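Here's the structure we're looking at; comments come further down.
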Amino acid sequence: MESIMTESGLGSEPEPSPLDLSFTNTEIAFSSKSNSELKNTYRLFKLMNNSRLVSIGSVLTLWAVKLRIPFINYLIKKTIFSQFCGGENLLDCQTTIDRLYDYNTLTILDYGAEGKSDEEDLDAVLEENMRALEMAASNNSVPIVSVKITGLVDNEVLENLQKNGSLSTPDQVKYDRLLERMYALCEKANELRVGIFIDAEESWIQKPIDTLALELMKEYNKDFCVVYNTYQMYRHDKLAQLMQDHVWAMGENVVFGAKMVRGAYLEKENERAVELGYKSPIQPDKASTDRDFNAALKYCIENYQTISSCCASHNLESNRYQAELINDKNLDKTHPHLNFSQLYGMSDYITFNLADAGYNVAKYVPYGSVREVMPYLIRRAQENTSITGDMSRELSLIDKEMKRRGI
Ligand SMILES: Cc1cc2nc3c(=O)[nH]c(=O)nc-3n(C[C@H](O)[C@H](O)[C@H](O)COP(=O)(O)OP(=O)(O)OC[C@H]3O[C@@H](n4cnc5c(N)ncnc54)[C@H](O)[C@@H]3O)c2cc1C
Numbered sequence: 063m064e065s066i067m068t069e070s071g072l073g074s075e076p077e078p079s080p081l082d083l084s085f086t087n088t089e090i091a092f093s094s095k096s097n098s099e100l101k102n103t104y105r106l107f108k109l110m111n112n113s114r115l116v117s118i119g120s121v122l123t124l125w126a127v128k129l130r131i132p133f134i135n136y137l138i139k140k141t142i143f144s145q146f147c148g149g150e151n152l153l154d155c156q157t158t159i160d161r162l163y164d165y166n167t168l169t170i171l172d173y174g175a176e177g178k179s180d181e182e183d184l185d186a187v188l189e190e191n192m193r194a195l196e197m198a199a200s201n202n203s204v205p206i207v208s209v210k211i212t213g214l215v216d217n218e219v220l221e222n223l224q225k226n227g228s229l230s231t232p233d234q235v236k237y238d239r240l241l242e243r244m245y246a247l248c249e250k251a252n253e254l255r256v257g258i259f260i261d262a263e264e265s266w267i268q269k270p271i272d273t274l275a276l277e278l279m280k281e282y283n284k285d286f287c288v289v290y291n292t293y294q295m296y297r298h299d300k301l302a303q304l305m306q307d308h309v310w311a312m313g314e315n316v317v318f319g320a321k322m323v324r325g326a327y328l329e330k331e332n333e334r335a336v337e338l339g340y341k342s343p344i345q346p347d348k349a350s351t352d353r354d355f356n357a358a359l360k361y362c363i364e365n366y367q368t369i370s371s372c373c374a375s376h377n378l379e380s381n382r383y384q385a386e387l388i389n390d391k392n393l394d395k396t397h398p399h400l401n402f403s404q405l406y407g408m409s410d411y412i413t414f415n416l417a418d419a420g421y422n423v424a425k426y427v428p429y430g431s432v433r434e435v436m437p438y439l440i441r442r443a444q445e446n447t448s449i450t451g452d453m454s455r456e457l458s459l460i461d462k463e464m465k466r467r468g469i
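All the letters of the sequence shown, read from the start, carry residue numbers 63 to 469 under this note's numbering.
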């Protein structure tokens, strides 16, 4: 919406309307869940609250899957898999996609494969990502596909490139294959008008990912945002990098695509820094991460004409803050550059209340065989172990909704 400020400076900004959004409406938050689904979610979150159970269970489950113990896949599928995954393949995901769309919520497809190194496996991941793009193009509720570079190249190649600045001949061949795969994906995404989120990884392999993401933006973000890079605000250097990359994108005359997260590898990052004796790239405390995350949201919303962004978070205050920024500036909340996202199975009270109020919000929907998504599922179980803060809020809201329904 245009400002009504006159040239002489007379006149005034329109009064922002009060935020038309409540995150405590449990009827809206859980309307997509039947009574039995709600009860199952409650039981699962309660179980995951037990940290001993989660750490022992994670190890045992990984072994059981590896050893193909009978019924283990069935057990996982009935519990943690159905909570956090859309299905084993794209066809399975259609039901989830349709169900989310019934509640005004979009889907970001996320094939669960990671940490592959065999070239045949990497090609198979490429093919799956291609199919996901086609699936996205045939559903108007799937605007984006998430891509993990670590599923498309041996991680060691990225690590060597970052460490040495150049590659041995065999590594260069592997890296060239990664380039071919990423260009093929972006070419197809551009043709089909589907976006690609490039996930962020550990700091010791992130630099080549950042460089490649910008190279792809330059090629494909000319009139539509195909490529988004991910910025982890638990790193003390990333707010500055986000701004610098935006300035660069404006110079190149391309749309800047930015997905903002806090960051998933906190302990691993700090432990490695101590072990190898370098300064950790991680912020000194949570408050610093929160400050930079919200500053990044503000920067992106203020520059929304040249930045297509996504607040990818389960933090209530950050989601509320982005909604307030959009509201205070009287922006069209359906503008394609203004986005929110949460992981499937988590923070439904944020997602469905944002969707009900008309904001662009999507669930990240991971899919893949039980074996492929196990590392992802274990991360989710561990993340939900400390049922404090936002997680305890979710659990208490589920409890409130169960009482409201009398179940
Ligand atoms: C849609 C979506 C996509 C995602 N994609 C990625 C991705 O590509 N790459 C990736 O790394 N992560 C990704 N994540 C995970 C994300 O980085 C966070 O781990 C997770 O969302 C928790 O952060 P939060 O903003 O939801 O909220 P909160 O629960 O408020 O924040 C927890 C986070 O704060 C940070 N933190 C906690 N303690 C400290 C401390 N002492 N010092 C500094 N920082 C601290 C950590 O990052 C921690 O994960 C994604 C999350 C979502 C919702």
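In this text, a Cβ means the ideal position worked out from N, Cα and C, and glycines have one as well.
Values in this document were obtained by computation on a predicted structure and should not be read as measured data.
Proximity test, residue i beta-carbon vs ligand 1 heavy atom, cut-off 7 angstroms
i: D261; result: yes
i: Q404; result: yes
i: S375; result: yes
i: R324; result: yes
i: I344; result: yes
i: K471; result: Any property of residue 471 remains undetermined from this structure, which presents the chain solely from 63 to 469.
i: K128; result: no
i: Y327; result: yes
i: T157; result: no
i: K348; result: yes
i: S203; result: no
i: Q473; result: Absent from the structure is residue 473, since the part of the chain shown begins at 63 and ends at 469.
i: T351; result: yes
i: Y426; result: yes
i: Q294; result: yes
i: S370; result: no
i: S380; result: yes
Residue(s) in a DSSP beta bridge with residue i
i: P437; result: Bridge partners of P437: none, in fact.
i: N401; result: C372
i: K280; result: Answer is none; K280 lacks a bridge partner.
i: G257; result: I206
i: Q294; result: V323
i: G149; result: Y429
i: I344; result: R297
i: L40; result: Past the edges of the chain, shown from 63 to 469, lies residue 40, and the structure says nothing about it.
i: V289; result: I258
i: F318; result: I369
Rounded Cβ spacing between residue i and residue j (contact assumed at less than 8 angstroms)
i: C155; j: L168; result: Not confirmed; about 13 angstroms, so no contact.
i: D360; j: L387; result: Looking at the sequence provided, one finds Lys at residue 360 rather than Asp. About 6 angstroms; that satisfies the 8 angstroms criterion.
i: F92; j: R382; result: Rounded, the Cβ-Cβ distance is 19 angstroms, inconsistent with contact.
i: L328; j: Y296; result: 6 angstroms
i: T368; j: M312; result: 6 angstroms
i: L83; j: A419; result: 4 angstroms
i: A335; j: T292; result: Not a contact, Cβ separation roughly 21 angstroms.
i: I440; j: S228; result: With 8 angstroms as the limit, I440 and S228 do not qualify as a contact, their Cβ atoms being about 35 angstroms apart.
i: L106; j: T141; result: 6 angstroms
i: N389; j: I90; result: N389 to I90, Cβ: 18 angstroms. No contact.
i: S96; j: Y165; result: Contact flag wrong, Cβ pair sits at about 13 angstroms.
i: E150; j: S370; result: No, E150 and S370 are not in contact; Cβ-Cβ is about 31 angstroms, not under 8 angstroms.
i: Q224; j: K269; result: 5 angstroms
i: H399; j: Y421; result: No, H399 and Y421 are not in contact; Cβ-Cβ is about 12 angstroms, not under 8 angstroms.
Can at least three beta-carbon pairs, one atom from the stretch 426–437 and one from the stretch 223–241, be found at a separation below 8 angstroms? no
Is there contact here, the stretch 175–183 with the stretch 201–220, by at least three beta-carbon pairs under 8 angstroms? yes
Quick test of the definition: if touching needs 3 or more C-beta pairs under 8 angstroms, does the stretch 94–103 touch the stretch 456–469? With the rule of 3 Cβ pairs closer than 8 angstroms, the stretch 94–103 counts as touching the stretch 456–469.
Mind the definition here: the stretch 282–295 touches the stretch 315–335 only if three or more C-beta pairs lie below 8 angstroms; say whether that holds. yes
Just checking, does the stretch 345–356 make contact with the stretch 269–279 on the three C-beta pairs under 8 angstroms criterion? no
Do three or more CB pairs link the stretch 377–384 to the stretch 124–143 at distances below 8 angstroms? No, because fewer than three Cβ pairs between the stretch 377–384 and the stretch 124–143 fall closer than 8 angstroms, the two stretches do not touch.
Touching or not, the stretch 395–411 and the stretch 133–147, by the rule of three or more beta carbon pairs under 8 angstroms? yes
Is the stretch 256–266 touching the stretch 202–212, taking contact as three or more C-beta pairs under 8 angstroms? yes
Segment contact flag, the stretch 236–248 with the stretch 181–200, C-beta cutoff 8 angstroms, min 3 pairs: yes
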